[in-house]
Amino acid sequence: MPDVHADLGTEADLLAELVRAHEGTVLLPAARVITGHLAELTVLARRVVLSVEGEESASAPHITGSGMLGDAVLGWRSEHRKAAELLATATSDIAWPGGPVRPSVLAAALLTAVFARGQDIADVLGARLPRNDSLGHVAYYGVRTRDDAYAGRGTPPAAPFRFELTAPSGTRWEFGPAGAVDRVTGPAEDFCLLFTGRRPLARLAVTTTGEATRWAELAQTHRNPLWTSDVD
1422 MPDVHADLGT EADLLAELVR AHEGTVLLPA ARVITGHLAE LTVLARRVVL SVEGEESASA
1482 PHITGSGMLG DAVLGWRSEH RKAAELLATA TSDIAWPGGP VRPSVLAAAL LTAVFARGQD
1542 IADVLGARLP RNDSLGHVAY YGVRTRDDAY AGRGTPPAAP FRFELTAPSG TRWEFGPAGA
1602 VDRVTGPAED FCLLFTGRRP LARLAVTTTG EATRWAELAQ THRNPLWTSD VD
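Following this note's numbering, the numbering of the sequence shown begins with 1422 at its first residue and continues without gaps.
Shown next, in the form of structure tokens:
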């Protein structure tokens, strides 16, 4: 699996290129939606910068979804680069809501946000983002945060799930004990679309058994603050 820090830059470049390719043809209502998604990514990147720099109690600036698409892309890419560079060179855990996290984990969380918001933007444009094995970091983050889907909706199961996911390259990624009763299988992209709430389970080639079926129902409606907001 490629390095998560390198993939943060690559995936951001792909999303920026997609927006710029459509910049001259997007109608104003759609452009406002896209700038809103870019603004959310900008705020998240700024929060990462503040946390890595030891200012976790500081508030990230409120960034509106108005303005030109080109300006929104430039503003986001600037903050995203800062966040990615700081995460790549951080040598200790970073303060974050819920407790300190390793830089690589926070990088995976940021990459997951880019995946989710990037999918939103691609849907608005009626386009498709190219997917590669950088999805492995997003899938890992989804597996790692499995229990988040149960917040306020019951106690997470004590036993781990088995995840068997197929990468875009055809590589099979496996997480959890091989003998687990509760299982999630399918394409890694579909799994990522599921746990980020971008597609319902019925539209995906994801198969679940046991408690994993209930988890999938909860996960597709879970509002993770990293990639959702009050306007979603």
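Note that beta-carbon positions come from the ideal geometry of N, C-alpha and C, so glycine has one too.
Residue i to residue j, Cα distance in whole Å?
i: Tyr1571; j: Ala1427; result: 32 Å
i: Arg1655; j: Leu1614; result: For residue 1655 there is no data in the structure shown, the boundaries of the chain being 1422 and 1653.
i: Pro1646; j: Gly1519; result: 12 Å
i: Leu1507; j: Arg1624; result: 37 Å
i: Val1470; j: Glu1461; result: 14 Å
i: Thr1431; j: Leu1439; result: 13 Å
i: Thr1533; j: Val1627; result: 18 Å
i: Val1464; j: Glu1585; result: 33 Å
i: Gly1475; j: Gly1563; result: 26 Å
i: Ala1633; j: Asp1554; result: 24 Å
i: Gly1539; j: Thr1649; result: 12 Å
i: Gly1496; j: Ser1513; result: 28 Å
i: Ala1548; j: Gly1597; result: 34 Å
i: Pro1589; j: Pro1521; result: 32 Å
i: Arg1498; j: Ala1437; result: 8 Å
i: Arg1453; j: Thr1630; result: 40 Å
i: Ala1451; j: Ala1433; result: 20 Å
i: Leu1622; j: Gln1641; result: 7 Å
i: Gly1486; j: Arg1441; result: Confidence at Gly1486 is low in this model, with a pLDDT of 48, below 50, so the placement of that residue should be treated as unreliable; the coordinate-derived value is given next. The alpha-carbon atoms of Gly1486 and Arg1441 are separated by roughly 17 Å.
i: Ala1479; j: Val1535; result: Since pLDDT at Ala1479 reaches only 48, below the 50 mark, its modelled position is unreliable, and no value is offered.
i: Ala1599; j: Val1605; result: 12 Å
i: Gly1591; j: Phe1612; result: 15 Å
i: Leu1448; j: Trp1594; result: 40 Å
i: Pro1608; j: Ala1509; result: 28 Å
What are the residues that DSSP puts in a beta bridge with residue i?
i: Thr1617; result: For Thr1617, which the question treats as bridged, DSSP gives no partner whatsoever.
i: Glu1595; result: Glu1585
i: Gly1607; result: Leu1586
i: Thr1629; result: Val1605
i: Ile1542; result: In DSSP, Ile1542 forms no bridge with anything.
i: Val1522; result: Ile1515
Relative to the C-alpha of residue i, which residue among the options is closest?
i: Arg1574; options: Arg1467, Arg1498, Ala1637 and His1443; result: Ala1637
i: Ala1472; options: Arg1604, Ala1504 and Tyr1562; result: Going by the sequence as given, residue 1472 is Ser instead of Ala. For the residues Arg1604, Ala1504 and Tyr1562, the minimum Cα distance to Ser1472 belongs to Ala1504.
i: Arg1467; options: Thr1510, His1501 and Pro1578; result: His1501
i: Asp1569; options: His1643, Leu1532, Ala1509 and Ala1599; result: His1643
i: Met1489; options: Glu1632, Ala1516 and Glu1444; result: Glu1444
i: Ala1493; options: Pro1551, Ala1509 and Thr1456; result: Thr1456
i: Ala1579; options: Asp1603, Gly1591, Pro1589 and Ala1599; result: Asp1603
i: Ala1529; options: Thr1566, Gly1631 and Val1454; result: Thr1566
i: Thr1446; options: Val1522, Gly1491, Asp1424 and Val1425; result: Gly1491
i: Thr1576; options: Arg1635, Trp1594 and Leu1622; result: Arg1635
i: Val1425; options: His1558, Trp1594 and Glu1595; result: His1558
Whole-angstrom Cβ separation of residue i and residue j, contact assumed at under 8 Å?
i: Thr1587; j: Ala1537; result: So it is not a contact: roughly 20 Å between Cβ atoms.
i: Ala1601; j: Phe1582; result: 6 Å
i: His1693; j: Asp1544; result: Beyond the ends of the chain as shown, which are 1422 and 1653, falls residue 1693; an answer cannot be given.
i: Leu1556; j: Glu1610; result: 6 Å
i: Ala1511; j: Pro1524; result: 4 Å
i: Leu1527; j: Leu1429; result: Not confirmed; about 10 Å, so no contact.
i: Pro1551; j: Leu1435; result: 6 Å
Using beta carbons (cut-off 9 Å, strictly below), is residue i in contact with chain D?
i: Asn1645; result: No chain D appears in the structure shown, which is made up of a single protein chain.
Please confirm whether any heavy atom of the ligand NAP lies closer than 8 Å to the CB of residue i.
i: Pro1589; result: Questions concerning the ligand NAP fall outside what the structure shown contains, since it holds no ligand whatsoever.
Checklist entry - Which ranges would you report for the beta strand (DSSP E) in the segment 1544-1587 if only whole runs of at least 3 residues count? => result 1583-1587
Next on the checklist: So within the segment 1427-1513, which uninterrupted alpha helix (DSSP H) runs reach at least 4 residues, ignoring any that extend past its ends?
Outcome noted: 1449-1473 and 1490-1510
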